[in-house]
Structures are given as structure tokens and as C-alpha cells.
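Chemist: Just so you know, the protein sequences line up as chains A and B, in that order.
The numbers in my numbering rise by one with no breaks, and the one at position 302 of the first sequence is 557.
The numbers in my numbering rise by one with no breaks, and the one at position 338 of the second sequence is 593.
For each residue, glycine too, the CB sits at the ideal point set by N, CA and C.
If you're wondering where the values come from, they're calculated on a predicted model, not measured in any experiment.
There are 2 protein chains.
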Amino acid sequence: MGSELRLVLIISFVSVLVFSTSSSPLPRFPRQNRARIQLFGEDRNDYQYETKYFSQQLDHFSFADLPKFSQRYLINSAHWTGASELGPIFLYCGNEGDIEWFATNSGFIWEIAPKFGALLVFPEHRYYGESMPYGSKEEAYKNATTLSYLTTEQALADFAVFVTDLKRNLSAEASPVVLFGGSYGGMLAAWMRLKYPHIAIGALASSAPILQFEDIVPPQTFYDIVSNDFKRESSSCFNTIKNSWDAIIAEGQKANGLQQLSKTFHFCRALNSTDDLSDWLDSAYSYLAMVDYPYPADFMMPLPGHPIKEVCRKIDGASSDASILERIYAGVSVYYNYTGKVGCFELDDDPHGLDGWNWQACTEMVMPMSSSQKNSMFTAYDFNYSSYKEDCWNTFRVNPRPRWVTTELGGHDIETTLKSFGSNIIFSNGLLDPWSGGSVLKNLSSTIVALVTKEGGHHLDLRPSTPEDPKWLVEQREAEIGLIQGWIRTYRLEKEAQFPLLKRSW
Amino acid sequence: MGSELRLVLIISFVSVLVFSTSSSPLPRFPRQNRARIQLFGEDRNDYQYETKYFSQQLDHFSFADLPKFSQRYLINSAHWTGASELGPIFLYCGNEGDIEWFATNSGFIWEIAPKFGALLVFPEHRYYGESMPYGSKEEAYKNATTLSYLTTEQALADFAVFVTDLKRNLSAEASPVVLFGGSYGGMLAAWMRLKYPHIAIGALASSAPILQFEDIVPPQTFYDIVSNDFKRESSSCFNTIKNSWDAIIAEGQKANGLQQLSKTFHFCRALNSTDDLSDWLDSAYSYLAMVDYPYPADFMMPLPGHPIKEVCRKIDGASSDASILERIYAGVSVYYNYTGKVGCFELDDDPHGLDGWNWQACTEMVMPMSSSQKNSMFTAYDFNYSSYKEDCWNTFRVNPRPRWVTTELGGHDIETTLKSFGSNIIFSNGLLDPWSGGSVLKNLSSTIVALVTKEGGHHLDLRPSTPEDPKWLVEQREAEIGLIQGWIRTYRLEKEAQFPLLKRSW
Chain A
256 MGSELRLVLI ISFVSVLVFS TSSSPLPRFP RQNRARIQLF GEDRNDYQYE
306 TKYFSQQLDH FSFADLPKFS QRYLINSAHW TGASELGPIF LYCGNEGDIE
356 WFATNSGFIW EIAPKFGALL VFPEHRYYGE SMPYGSKEEA YKNATTLSYL
406 TTEQALADFA VFVTDLKRNL SAEASPVVLF GGSYGGMLAA WMRLKYPHIA
456 IGALASSAPI LQFEDIVPPQ TFYDIVSNDF KRESSSCFNT IKNSWDAIIA
506 EGQKANGLQQ LSKTFHFCRA LNSTDDLSDW LDSAYSYLAM VDYPYPADFM
556 MPLPGHPIKE VCRKIDGASS DASILERIYA GVSVYYNYTG KVGCFELDDD
606 PHGLDGWNWQ ACTEMVMPMS SSQKNSMFTA YDFNYSSYKE DCWNTFRVNP
656 RPRWVTTELG GHDIETTLKS FGSNIIFSNG LLDPWSGGSV LKNLSSTIVA
706 LVTKEGGHHL DLRPSTPEDP KWLVEQREAE IGLIQGWIRT YRLEKEAQFP
756 LLKRSW
Chain B
256 MGSELRLVLI ISFVSVLVFS TSSSPLPRFP RQNRARIQLF GEDRNDYQYE
306 TKYFSQQLDH FSFADLPKFS QRYLINSAHW TGASELGPIF LYCGNEGDIE
356 WFATNSGFIW EIAPKFGALL VFPEHRYYGE SMPYGSKEEA YKNATTLSYL
406 TTEQALADFA VFVTDLKRNL SAEASPVVLF GGSYGGMLAA WMRLKYPHIA
456 IGALASSAPI LQFEDIVPPQ TFYDIVSNDF KRESSSCFNT IKNSWDAIIA
506 EGQKANGLQQ LSKTFHFCRA LNSTDDLSDW LDSAYSYLAM VDYPYPADFM
556 MPLPGHPIKE VCRKIDGASS DASILERIYA GVSVYYNYTG KVGCFELDDD
606 PHGLDGWNWQ ACTEMVMPMS SSQKNSMFTA YDFNYSSYKE DCWNTFRVNP
656 RPRWVTTELG GHDIETTLKS FGSNIIFSNG LLDPWSGGSV LKNLSSTIVA
706 LVTKEGGHHL DLRPSTPEDP KWLVEQREAE IGLIQGWIRT YRLEKEAQFP
756 LLKRSW
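(1) Please say whether D688 of chain A and M556 of chain A have beta carbons closer to each other than 9 angstroms?
(2) Which residues of the stretch 366-386 of chain A have a Cβ closer than 7 angstroms to any Cβ of chain B? Give them in chain order.
(3) Who are the neighbours of Y404 of chain B on chain A, taking C-beta pairs under 7 angstroms?
(4) Kindly indicate the opening and closing residues of the alpha helix (DSSP H) around K307 of chain A.
(5) Looking at I465 of chain A: is its Cβ nearer than 9 angstroms to the Cβ of M447 of chain A?
(6) Out of curiosity, what's the CA-to-CA distance linking L374 of chain B and D413 of chain B?
(7) With a threshold of 16 other CB atoms inside 10 Å of the CB of S575 of chain B, please say whether the residue is buried or exposed.
(8) Does the Cβ-Cβ distance between L664 of chain B and L516 of chain B come in under 9 angstroms?
(9) Where in the stretch 421-454 of chain A do unbroken runs of the alpha helix (DSSP H), each at least 4 residues long, occur, reported from the N-terminal end onward?
(10) On the three-state DSSP scale, how would you describe F324 of chain A?
(11) Report all residues from its chain with a CB closer than 7 angstroms to the CB of V707 of chain B; omit the five preceding and five following residues, and keep chain order.
(12) Assign T406 of chain A to buried or exposed, taking buried as 16 or more other Cβ atoms, counted over all protein chains shown, within 10 Å of its Cβ.
(13) Looking at chain A, which residues of the stretch 689-714 of chain B have a Cβ within less than 7 angstroms of any of its Cβ atoms?
(14) Does G218 of chain B come within less than 9 angstroms of chain A when only Cβ atoms are used?
(15) Could you work out which residue in B:P343, B:F357, B:G342 is closest to G349 of chain B when comparing CA atoms only?
(16) Below 6 angstroms CB to CB, which residues in the same chain sit around A368 of chain B once its five sequence neighbours on both sides are set aside?
(17) Identify the contact partners of A415 of chain A in chain B, using a Cβ-Cβ distance below 9 angstroms as the criterion.
(18) Give the DSSP bridge partners of N331 of chain A, in chain order.
(19) Could you compute how far the alpha carbon of G586 of chain A sits from the alpha carbon of Y550 of chain A?
(20) Using only alpha-carbon positions, find the residue among A:W500, A:G436, A:K392 that is nearest to F377 of chain A.
(21) Would you mind reading off the limits of the alpha helix (DSSP H) that contains G572 of chain B?
(22) Whose C-alpha, out of B:D547, B:T702, B:E670, B:P473, is nearest the C-alpha of A752 of chain A?
(23) Mark A510 of chain B as exposed unless 16 or more other C-beta atoms lie within 10 angstroms of its C-beta, in which case mark it buried.
(24) Kindly indicate which three-state DSSP category Y347 of chain A falls into: helix, strand or coil?
(25) Using CA atoms only, rank isn't needed, just tell me which of A:V472, A:K564, A:P322, A:F522 is closest to S490 of chain A.
(26) Based on Cα-Cα distance, which residue from B:C647, B:L434, B:E351, B:F468 lies nearest to F363 of chain B?
(27) Taking only three categories from DSSP, how would you classify V695 of chain B?
(28) What did DSSP end up calling V707 of chain A once you bin it into helix, strand or coil?
(29) Would you identify the three-state DSSP class for D530 of chain B, choosing helix, strand or coil?
(30) For D470 of chain A, count the other beta carbons within 10 Å of its own beta carbon; 16 or more makes it buried, fewer makes it exposed. Which is it?
(31) Determine the extent of the beta strand (DSSP E) in which F682 of chain B is found, giving its start and end residues.
(32) If you follow the beta strand (DSSP E) that A734 of chain B is part of, which residue opens it and which one closes it?
(33) Could you tell me how far apart the beta carbons of N360 of chain B and R718 of chain B are, in whole angstroms, since I believe they sit closer than 8 angstroms?
(34) When you compare the stretch 582-599 of chain A with the stretch 521-535 of chain A, are there three or more beta-carbon pairs, one atom per stretch, that lie closer than 8 angstroms?
(35) Can a CB atom of chain A be found closer than 9 angstroms to the CB of P452 of chain B?
(36) Distance, Cα to Cα, T745 of chain B vs I736 of chain B?
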């Protein structure tokens, strides 16, 4: 049975989801929850905040009679210089997950708050974490009707309403707001500058692939970068992975092949299909490319520094009689079991779970993903919108609007657009990050600047500084601080010119 | 019965609506329909266009399962130089009424189209004219649920989707779009620059009171300007009007007073209350101030040039034994019966009609309106949000969001905002127009400019040129043409720099 492996991959930033036309149409999610728990255990003590809730309109753009919902936000005012000093407000644009997870993984913002005398706020994105419409995740995720208000535009409006109200309550209407965000949160930060230029004075959009839509960048971009990340470490490693997909299928077609594969890869339960294994590996490689940080970190998983190098060392360095699949197992164990504590691996154990990013990917966040025969180490695949749409319909009973994001939020001809529209955005990207291919990698104007680091991974700059930080990372963060200082200085000078009596010690 | 006259006035740009707490809580509409028919009879032949329809999402910002609707648009491509020449697209942002009415009252755009080689499109605003969700006005206006998608944000998104699709169909993605709009349409044009900077390269926002919200301008602004317009013609005229309100109430309190008033003012049917008469007069004065054009025109009603001067001539020039109410009647007849063909006057004959602007005023477009004892010729009134809200609830079962517009579309600190955000907006205003008080009257940057004319009325610059045009009006339009030419030139130079092969004869 030569079942053809044609995967439609909907890739999230914190969880790789797989729509497989040949097996389950439902998305599955790797280790996110486990990773989160580990992180909280480690980081919580470093970041002190109050948790509060803000009553939000469920639909900002209609007057349908809908119940309001509670948006959670974290706030820290320990360093704020206050409204009378025009103390800035740093707002992290919460993305597709628990806001505590993002807040505690954004050490950079916490570190620079004292220098700026900034108030920190981390509003959570609707439909994630505790910010559930209709009172609970179960109700919010019930069906396409209850999910229908999970959109980027509503989330941006949430931020605008939230911060406007916060400023009013603090009598801090004149305080400048600076936006931060990583990954989808970075896209939100950049889009806030586009859609709400009156709400914030600037945005640090880290690893924000705002161009990963429609036909703006080639659909192969993501997987080509993942593949290149492996190739640069070792071309034999790259080739081993490239050849492994056929080996997996061949093995799976044997009598007891799935059982044997389950054993080779130490799964707790027998595999149902080779697709499950391929997806599991695909996830690992994609995340490894994202978090190929230069020092040990544990954003997704506890990992060593330069984890791809480690993976390839295992793949290439296996004993000469190791099979190709044994090599692959040795490599991927670096990702899934670096601590060595995992006895056996679980595939996603909630095949019927509905995750928010899947909904978003099936409505607005349609990011075409292919993998090329030529450059990629993955199975060749051409993005097929029809089957993508069909999968979305089968999963959610919703039709995507693949052209809506570019209409609403731009993207085509971003250079002319951003140049003539706006100001004060930093697009920071590390070129190891496969999402960098869909981001802005060159300066668009004197105030819309790209900070690109060759060795950087997925929003590395937002992480806390460490003694192991390479020089280029230290310099990147210094550049970011300098630019933000410049925005605030300019803003204050303009205020001062408008209201001469306001002159202070800024 | 000393019934106190406390009116909450919701003022539209094409129809003055009156919420009277003491009488009918339902809005009433003066002559709009009749005026429209007269205009069409006169103007239709001058403007040739095709009428087409575009299928729109009812809700752009959610994925609720809603029926699409047909948005009407008018299109003229007679002068378009085409996609290959980067021929510009002039888009009029349809406002609160039949798009044919606005298109045929925007002669300026038609006149300059040949000079620019421009494609003209006039998309209609949802819920007006023929662009009715749910198939008919009756269904669309049925209740708060069906009306709930009548919002400014949805209308802006309609324009963005419409023009993006149009450009794609014409393979004219690179053609620059210039926005035009008068009054609420001008607000939409300016807001398009704020919310969709990637969709259009600039906007002529004529008589666009984007600051008439919340506490940005004093609530007395509108009626103070109306009053000043009368006072500058004649202070005795101003005083006669100022004294007439008490005279009306006094007359109404007499036995047979309402009957006598109906006779004095030539109503076809007896008045039910003096409020009805006061509202009718209030409407006339407000519109007279808006359309106090320097030559005969018939935007709202057929009127002579300088109609306020005419009104005051009648009021002041009545025979010396004329009563104050007879004077008022003589004056207001200039507005309601300049042609002399009206035998008797009808008050609004559809007290239960629900008009779209009333809904908008009761949801987002909350423009506080007061009239001051000191400067105004109207009855003193302090805007009272509680009773406004109550009227909205009684009428539509909807609660206004009075702070939403400033959150979503800015307004507070417009100077800093627009200066640091954007480019290419012309705010044109005539100071006779009572809406000018809520608009932008000074240059905010080198590309966000105010063209202010002392003698101008409500979006006079958008009207067709006439032989009687005063010099300042001719100059104003020349300045507008020059600025638009500059935007297009800059855009083309940038395109040329990006794609050197595109060099053409621009």
C-alpha cells in the first residue's frame, strides 16, 4: 500500500500542528503544556506581577448583543516613574498562549524596565490562557459560532481599548506606549503600529513574519531555512534526514513495521501510521531551527546551546552499524529528551482537542507552506489551498479568508506602504529562525529598521540576558534600547513643544 | 403647562434628526428625499457611470456564519489611462445615503478625472441606498441584531476589500488610489488613511469633523458657528431668532395656540407640539449654515446664493407691523420654499422610520451637541449623555459606545498622532460650515495640510465648478489638485526607483 505522504502543515509558533489528509484531519499538539510547566517552575520567581482582569467587548466591530469577557493582564509598576513624568508604558502584545508563559519568557522587557522607568503590562490574547469568552474554554471553543470572535483584529482592538482605559484610569493619557511582541505577538505589535498609530509610539516586533501570507514570500521559505540550518552544520546530517522519510515509509510497509518503528523511536503506544512519526519528527526539526540558540535554553524544551549541532553530532556520530532510523532517533532525542528523563514518548494524546491557533490558521492566518524537492530535507510538498480549505471545513466548519490579512493588514508592497505610512518599528530577526524568511529584513525608512543577526534564533532578543550572550546579541539589544530611547525622546520633545509648561527633567 | 424644551439633537450631515425627550422619542427627517429627487433630475445627465455590485462580507472581523450582501458601486473608466501607466484610481468614500446622490453632487471629482487619467469609483456605504444586507431595507433595519453590522469600521473594511479586489481584477495592483469624501464621507476618507495606509496613497477629506467626539472640541461648537453665521449677516436677525423660541412656546400655550402656529407657518396638518415646530426651524437654520454657498445651489434644497443673507433680509425686512413669528416664517420660507411652489409644509410623515444615521449616532457616532446661552441663538441646552443613551435604548435597544471612536480612530492629540503616523491628507473646510469646528483647521505636517476658507460652506470644494465661483474657491481647488498631483508623482518616483524597468512617461 503505497500511501502517499502529502501533508498540509499549519505551523504555529508555539506548536506545530499537522493536518494530514491521509490520516487524522484533526490537529495535534506536541509538548507545549509540559514545556510550560517546566518554565513556570523555573522562571516565576524572577518576575513579580499582579494579575488583573479587564472587561472587554466580545465584538468591537458590531453592536450585536454579546456577553463581555474578562481579559487577563499582568502588571508591574515597580519601576514606573508615573504619569506626571510621562513615564512610558511597555505593553507586550499577548499571543497564542497563556500570557504568563510569554511574560516569563520575555526577560528583556523586565530587564530594561528600570532603565526606562516603565510600567509593564502584559494583556493576554482573547481565547487563550484564562481570557476565555463565554466563561470557559469549553464554551469558547464549542463551535464556529462561539469561536468566530477569535480574530487578530479583535485582539488588536482589545489591546487598544485596554491601554486607553488603563491610561485614563492612571491619568496617564500623555504617557507614551511602546509595544513589544515576539513571533505572532511581534506581528501584533507591528500591526498595532499600522492599525493604531495613535495608541503607541513604536513597536519592537521580534521574529514577526508579517509577510508569510498569500504570495508575498515563496511558500518554500520556511522549510528551506529549517533545512539550511541543518545543512550548515553537516551535509551528511541533512542527507540522513532527507533520506529518512522514505526509510520510514519502507519500514512502515513491512509486516509489523509500525510496531518496529514504535520500538525504534520508543513510543509509549504503537503508532497508527508512519505519518504520525513523520509529523513528530517534522515538529522537532522545525522547533530546533527556531530555538537554535547559542546557549542552553528551554523555551520549547530544555535544550543545549546550538541544539542543531548537537542533533547532527548524534546523527553523524552514531556507531557505523547504526541504521538510518537509529541515527534519526539518536538525533531527535536531543530535542524530545535532552534531560534523559523521558522513558517513552507520547504522541499527542488529545486528537480531538481544538486549539486556538488552528482556528486562526483556518480563518485569517493562512500561511502557505511548501517544501521544495531541491532545497529541503523534507518530503516535497506543494501547498494546496483546496485541500487546506477542505481540512478547515472538516475540522471547524469554517472557510478561510486567505486574502483578508493582506487586505486588512498590508504586506504586498510593504516597502512603499510602511515607508509612506509610518514610523518607529524595529523588525528584529535571527536568520537561523525559519520565520525570518517571512519577516522584514531590511530598513524601510529611517525609523522602520531591521535588526538582523546571522546567528540568531526565534525572538532570542526578547529572552533574558545571560552571561553566555554572544557579542552580537548584546549589541542587538543595545541597538533596540537606543532606538526605543529615541522614540520616547522625540515624543517628549514634541509634547514639550506643544505644552511648554510641561518642561521637566526628561 | 410650562413644558420645558430640552432637545437632544443628533445631527446628521444630510438630515437633522431630533430626539425630543418631551415629545416623540423617534427621529424625524426633513426634506432629504425630495431634495434628492430634484437633484437627480438636474444632474444625472452630467455624469455617466455604470452601476455594478460587489459581494461583501457582512462581518469582516468575525467568522460568524452570515449572509453576504451586495454593495453597489458606480464606475467610470472613460478617462483612465490604465494599469500599465499606473493610472490612478479615485475612490469616493460613500457616506450615509444613496451613492448616486453623493456621486452626482461631487462634480469636482468628475471634472479632474480627465486631467489625472483617473478611474472613478463610488462604492456605496453599507445599509444605505441599494446596499442592503439581508436583501432589503426592511430586513436590514428590522432590529438591533440586523443593524449591528452598520458600523464605520465595517464600512472602511468594505472599501478596502472592494478596491483591493477591483485592482486585482484590473491587474492594476500598482495603481495609486486617492480617496475623496465629503462630510461623513470625508471622515471615512481621513480614517482610511489612518486605518488602511496601504490601500490608498492620500485622501481629500472635505468638511470632515473627525474631532467632533467625546471632549475633543467643546460641545457648543456646532451651534455657536450656526449662530455666528446669522449674526455676521445681521445681529437683529440673530436676535429675532433668539427671541422666537420663547414666542413659540408662549403662543403654543394659548388656547388654539398650536392651531394658530400651524396656520402662521403654513403646515398642511396641525402641529402636535411646539417642539415639532422648533425642530423644524432648528433644522433649517443648521442646514442654511452648512450650505451657505456663495452662489445658487441645491444640495439640500434649491437655494439662492448666500442664503443666510436672504433669510435675514426677509426676517429684518418684513413690514414693521409683522409679528416675530411672521418674520421667522418669512425667513424660513427661503429655506423650505425658495421655489415658491410649496403650498403647505409637511413635517416628517414617517415618525416610525429608522434611519441609518440615527443608528450610527446611537452606537459609535456619538457627537455631543450643546447650545450655549451666551453665544447661541438657540435654546440653551447642555448635552446630557444619560438621556441620550436612554433615547437610544428606547429607539433601538442599543447602548452607545461614546468612547470607542477615539480609541479606534484617534482624535485626542490628533496633532502628535497624525504627525508621527502619516501623510497625504487634505482637510478642507469652510469656516461658515458649522462642522468645521470639529475638523482639522491647521497643517499638522508637510503632507497633512488644512485648506481653510473663510467664506466656504459644507464641502463646497467637492461641488462642480461654476462661472460664479469666487477666486478663493478656484484657488482652493487648484491647491487640492496640486497636492494630489504631488502624491501621485512621489508614489510613481518611488515605484520607479524600486522597479527601474517601469520607467514611463509619467
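Modeler: Straight from the coordinates:
(1) no
(2) none
(3) S317
(4) Careful: K307 of chain A lies outside any alpha helix (DSSP H), inside the beta strand (DSSP E) at 305-311.
(5) Pairing I465 of chain A with M447 of chain A gives a Cβ-Cβ distance that is not under 9 angstroms.
(6) 18 angstroms
(7) Flag for S575 of chain B reads exposed.
(8) no
(9) 439-450
(10) strand
(11) Listed in chain order, the non-local C-beta contacts of V707 of chain B below 7 angstroms within the same chain comprise N684, L686, L696, local neighbours out to five positions each way being set aside.
(12) buried
(13) none
(14) Since the displayed chain B opens at 256 and closes at 761, residue 218 of chain B lies outside it and no answer follows.
(15) Considering only alpha carbons, the answer is B:F357.
(16) H334, L375
(17) T662, E663
(18) A:L375
(19) 18 angstroms
(20) A:G436
(21) Looking at the DSSP string, the run of the alpha helix (DSSP H) that includes G572 of chain B is 562-572.
(22) B:E670
(23) exposed
(24) strand
(25) A:K564
(26) B:L434
(27) coil
(28) strand
(29) helix
(30) The residue is exposed, with fewer than 16 neighbouring Cβ atoms inside 10 Å.
(31) 680-685
(32) A734 of chain B -> not in any beta strand (DSSP E); alpha helix (DSSP H) instead, spanning 726-753.
(33) A Cβ-Cβ separation of about 7 angstroms places N360 of chain B in contact with R718 of chain B under the 8 angstroms criterion.
(34) yes
(35) yes
(36) 14 angstroms
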